[in-house]
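Only one structure is covered here, and it is reproduced in the block below.
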Amino acid sequence: MFNIRYKKIRLIPSKSAARELLKYGLTIEDCKEILESGYAPRKRGKDTIEKWMDSGNDTYNVVIVKSYNYLYQEDVYLIKHVGKFTKKKLRRRKK
Numbered sequence: 138m139f140n141i142r143y144k145k146i147r148l149i150p151s152k153s154a155a156r157e158l159l160k161y162g163l164t165i166e167d168c169k170e171i172l173e174s175g176y177a178p179r180k181r182g183k184d185t186i187e188k189w190m191d192s193g194n195d196t197y198n199v200v201i202v203k204s205y206n207y208l209y210q211e212d213v214y215l216i217k218h219v220g221k222f223t224k225k226k227l228r229r230r231k232k
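Position 44 (the sequence shown) corresponds to 181 in the numbering used here; numbering is contiguous.
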């Protein structure tokens, strides 16, 4: 189930990220695609990666953290957050 890898390291969602994936109808494969073809809006802390990807009027973002999984006995990328927001054009007020 968790055989999807990013930069040769396994991707595993946290409990809250799994809920967010269900909420937005995304899969771990979608997260991998966002991480591979997305862009970084800002610099994050050590071992933390954030990528955004635009899709129509929506922007999806994924935040991952490097961690260690004792079940698999290897380093993993823990999907910490998955989000979606809409870009709104700035409205000019008529004077």
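From the three backbone atoms N, C-alpha and C, an ideal C-beta is built for every residue, glycine too.
Just to confirm before moving on: does the CB-CB distance between residue i and residue j stay below 8 angstroms?
| i | j | result |
| --- | --- | --- |
| E170 | V219 | no |
| L172 | K188 | yes |
| Y161 | K221 | yes |
| R147 | V213 | yes |
On the DSSP bridge assignment, give the partners of residue i in chain order.
| i | result |
| --- | --- |
| F222 | T196 |
| T185 | V202 |
| Y214 | L148 and K203 |
| D167 | Partner(s): none; D167 has no beta bridge. |
| Y176 | W189 |
Tell me which residue opens and which closes the beta strand (DSSP E) that residue i is part of.
| i | result |
| --- | --- |
| D148 | Per the sequence presented here, residue 148 reads as Leu, with Asp not at that position. That run of the beta strand (DSSP E) goes I146 to P150. |
Name the two residues that bound the continuous alpha helix (DSSP H) containing residue i.
| i | result |
| --- | --- |
| I141 | I141 -> no alpha helix (DSSP H), and no H or E assigned at all. |
* Specify whether the segment 189–196 and the segment 140–155 touch according to this definition: at least 3 beta carbon pairs, one from each stretch, less than 8 angstroms apart. => The segment 189–196, when compared against the segment 140–155, does not touch it at the 8 angstroms Cβ threshold.
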